[in-house]
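Heads up: the sequence shown is residues 4 to 248, going by my numbering.
All remarks here apply to the structure that follows.
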Amino acid sequence: MESDRGCALGRIEQLIRYSFWSSKSEGIVIGVSGGVDSAVAATMCCKAVGGERVLGLCLPSEVTSLDDMEDAKDLCKWLDMEYRVIPVTPVLNAYRAMPDYKETPYLLGNLMARTRMAILFYHANRDRRLVCGTSNRTEYLLGYSTKYGDSAADIQPILHLYKTEILEVARELGIPPRILLKPPSANLWPGQTDEGEIGLSYTEIDSAIMNLEKNGWKSSSEVEVRVLDMVRKSEHKRLAPPSLL
């Protein structure tokens, strides 16, 4: 098993390194949130091209906890990669000045995700870098992401890994325990957690998806019915926009 895992991590490194060199980039930029997904993706980038070529941007809003920011900073220091903080609240306040602006957790969350990605791509364009995504397979299949927000990137090195696999990889990579133990959260509002918002644990979700894939996407339990419904409803997020091309 350890050999298989090492082989898998080696392929991730090769993907990042090939994308980096073939695009003639000068670096990689990644959003670091203090969570496990961005920690694993950032670690793999540093292993692939060296920490000196990787820029970690912490993009906090008014609901981002100081603990998350400190964890992101400590991670970048541990990886010997550059760390910068760029608050997104001033940009969100500019949106709030738009005529007929309305705010709900859903609308603000999507706006926040797209604003963060715009900042990441700005730095990528300015400094000839690639944007590294931090999406995992579980959230990709559920559609638990924002179109052209956190789902946008030049490379997605952990997109093939389920959330439960991300945690296993994080332990193997030696990711700091504080990051491993915290409940996954998109920090959309105070106290928000991914599992609380979805209504299922990642263990339940991953088990359901694996069973569905094995059984031709035919559900055989209440949890699988719920997960399959989320997968079907979010299909538009995984397809190219309709066109006549």
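Where is the CB? At the ideal position from N, CA and C, for every residue including glycine.
- Item | In DSSP terms, what Val-134 is bridged to | For the purposes of this step, residue 134 is identified with residue 131 of the sequence shown, where counting begins at 1. Val-32, per the DSSP bridge assignment.
- Roughly how many angstroms separate the alpha carbons of Asn-218 and Glu-225, rounded to a whole number? On the sequence shown, position 215 is the one that residue 218 refers to. On the sequence shown, position 222 is the one that residue 225 refers to. Approximately 15 Å, taken between the alpha carbons.
- Query: Can you tell me where the beta strand (DSSP E) with Leu-87 in it begins and where it stops?
  - Reply: Indexing the sequence shown from 1 puts residue 87 at position 84. At residue 87 the sequence reads Arg, which differs from the Leu that was named. Unbroken beta strand (DSSP E) run through Arg-87: 85-88.
- Message: For Gly-59, report the span of its beta strand (DSSP E) as first-last.
- Response: As a position in the sequence shown, residue 59 is number 56, starting the count at 1. Annotation: the continuous beta strand (DSSP E) that includes Gly-59 extends over 57-61.
- Query: Are there 16 or more other CB atoms within 10 angstroms of the CB of Pro-63, so buried, or fewer, so exposed?
  - Reply: Taking the sequence shown and counting its residues from 1, the one referred to as residue 63 is at position 60. So Pro-63 counts as buried.
- Item | Touching by the beta-carbon criterion (3+ pairs, under 8 Å), the segment 170-186 and the segment 36-46 | A contact exists between the segment 170-186 and the segment 36-46.
- In the DSSP assignment, find the unbroken alpha helix (DSSP H) run with Asp-209 in it and report its ends. To locate residue 209, count along the sequence shown from 1; it is residue 206. Run containing Asp-209: 205-217, per the alpha helix (DSSP H) assignment.
- Query: Are the Cβ atoms of Ala-51 and Glu-85 separated by less than 7 Å?
  - Reply: Residue numbering aside, residue 51 sits at position 48 when the sequence shown is read from its first letter. Residue numbering aside, residue 85 sits at position 82 when the sequence shown is read from its first letter. No, the pair does not count as a contact, with Cβ atoms beyond the cut-off.
- the segment 54-70 in contact with the segment 18-38 per 3-pair CB rule at 8 Å: With a cut-off of 8 Å, the segment 18-38 and the segment 54-70 count as touching, because enough Cβ pairs lie within range.
- Who are the near neighbours of Tyr-98 in its chain, counting only those whose CB is closer than 7 Å to its CB and skipping five residues on each side? Position 95 of the sequence shown holds residue 98. Within the same chain, and ignoring the five residues on either side of Tyr-98 in sequence, the residues whose Cβ sits closer than 7 Å to its Cβ are Tyr-104, Leu-114.
- Message: Can you list, in chain order, the residues of its chain with a C-beta nearer than 6 Å to that of Lys-76? Leave out the 5 residues immediately preceding and following it.
- Response: Here residue 76 refers to the residue found at position 73 when the sequence shown is read from its first residue. Once the five neighbours on either side are set aside, the close Cβ partners of Lys-76 are Tyr-86.
- Continuous alpha helix (DSSP H) stretch holding Lys-166: start and end: By 1-based counting over the sequence shown, the position of residue 166 is 163. Note, Lys-166: alpha helix (DSSP H), 166-176.
- Query: Closest to Lys-240 by CA distance: which of Gly-194, Pro-193, Cys-79, Glu-142 is it?
  - Reply: In the sequence shown, counting from the first residue as 1, residue 240 sits at position 237. When only C-alpha atoms are compared, the closest one is Glu-142.
- Message: Do Ser-237 and Gly-146 have their beta-carbon atoms positioned less than 7 Å apart in this structure?
- Response: Walking along the sequence shown from the start, residue 146 turns up at place 143. Walking along the sequence shown from the start, residue 237 turns up at place 234. Yes.
- Message: I believe Thr-107 touches Glu-65 by the beta-carbon criterion, under 8 Å. Please report the beta-carbon distance rounded to the nearest angstrom.
- Response: The residue you call residue 107 lines up with position 104 of the sequence shown. The residue you call residue 65 lines up with position 62 of the sequence shown. Not a contact, Cβ separation roughly 16 Å.
- Assign Gly-13 to buried or exposed, taking buried as 16 or more other Cβ atoms, counted over all protein chains shown, within 10 Å of its Cβ. In the sequence shown, counting from the first residue as 1, residue 13 sits at position 10. The residue is exposed, with fewer than 16 neighbouring Cβ atoms inside 10 Å.
- Message: At the level of alpha carbons, what is the spacing between Arg-119 and Cys-79?
- Response: The residue you call residue 119 lines up with position 116 of the sequence shown. The residue you call residue 79 lines up with position 76 of the sequence shown. If I take the Cα positions, the gap works out to 18 Å.
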